[in-house]
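In UniProt numbering, the protein residues as written are 1 to 221.
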């Protein structure tokens, strides 16, 4: 694997981040760039919600922001088309879904195949979709966690890049468990982005490779 096609500007590989809400994972990315842990040119932050608090994180850091309000489009296809147009204008090497709460169409996903990743608050394939922490507690699992994965047309079913496990403790609520998982999200998402932008990570025929070897590792709880 090489870094061909992943560098921009001053040799810094580029990305665009999509958000829908408070943007804590976006802030983790910004912190990693600022601290020198992530070599990246964050070209834009795009949200489907004009009131997403995470947009302010980007503005304070001098990152261009865009809004594509899904409520303004007659169909998912029309929304996807405009979102794709804005992303492609920035020509990123990688597109990151960091708390982006819209289901994207198959054509959109195929356009970015192998360079579209998502962070999900569970140990996939367990608990895809919403309300993962409450569902984990209801199921009585002893471990929960977070997953970074490549995005495919099947929701939350793409090949796993990296996972982080946390213990489920007696007396946990969805909120306390979410806080523990979120700390791991903030660690593994910048890590996975860094792997990709350094040319170390690739999706080949449905398999995730890190430094040429099968990836998808899970950290200890």
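Built from N, CA and C at the ideal position, the CB exists for glycine as well.
Since this is a predicted model, take the numbers as computed values, not measurements.
Three-way DSSP call (helix, strand, coil) for residue i in this model
i, result
"residue 71", "helix"
"residue 102", "coil"
"residue 151", "coil"
"residue 41", "strand"
"residue 113", "coil"
"residue 11", "coil"
Residues near residue i by beta carbon distance below 6 angstroms, same chain, minus five either side
i, result
"residue 26", "17, 19, 54, 57, 98"
"residue 21", "52, 99"
Limits of the unbroken alpha helix (DSSP H) element including residue i
i, result
"residue 29", "24-34"
"residue 139", "132-139"
"residue 87", "76-90"
"residue 63", "From DSSP, residue 63 is part of no alpha helix (DSSP H); its letter is neither H nor E."
CB contact flag (residue i, residue j, <8 angstroms)
i, j, result
"residue 38", "residue 46", "no"
"residue 42", "residue 66", "no"
"residue 161", "residue 148", "yes"
"residue 153", "residue 203", "no"
"residue 193", "residue 94", "yes"
"residue 15", "residue 40", "yes"
"residue 210", "residue 195", "yes"
The beta strand (DSSP E) enclosing residue i, as first and last residue numbers
i, result
"residue 14", "14-19"
"residue 202", "201-204"
Residues of its chain near residue i, where Cβ-Cβ distance is below 7 angstroms and the 5 sequence neighbours each way are ignored
i, result
"residue 115", "93, 94, 95"
Check: Does the segment 141-150 come close enough to the segment 158-168 to have 3 or more Cβ pairs within less than 8 angstroms?
Finding: yes
Notebook entry, point to check: Do three or more CB pairs link the segment 72-84 to the segment 101-111 at distances below 8 angstroms?
Noted result: yes
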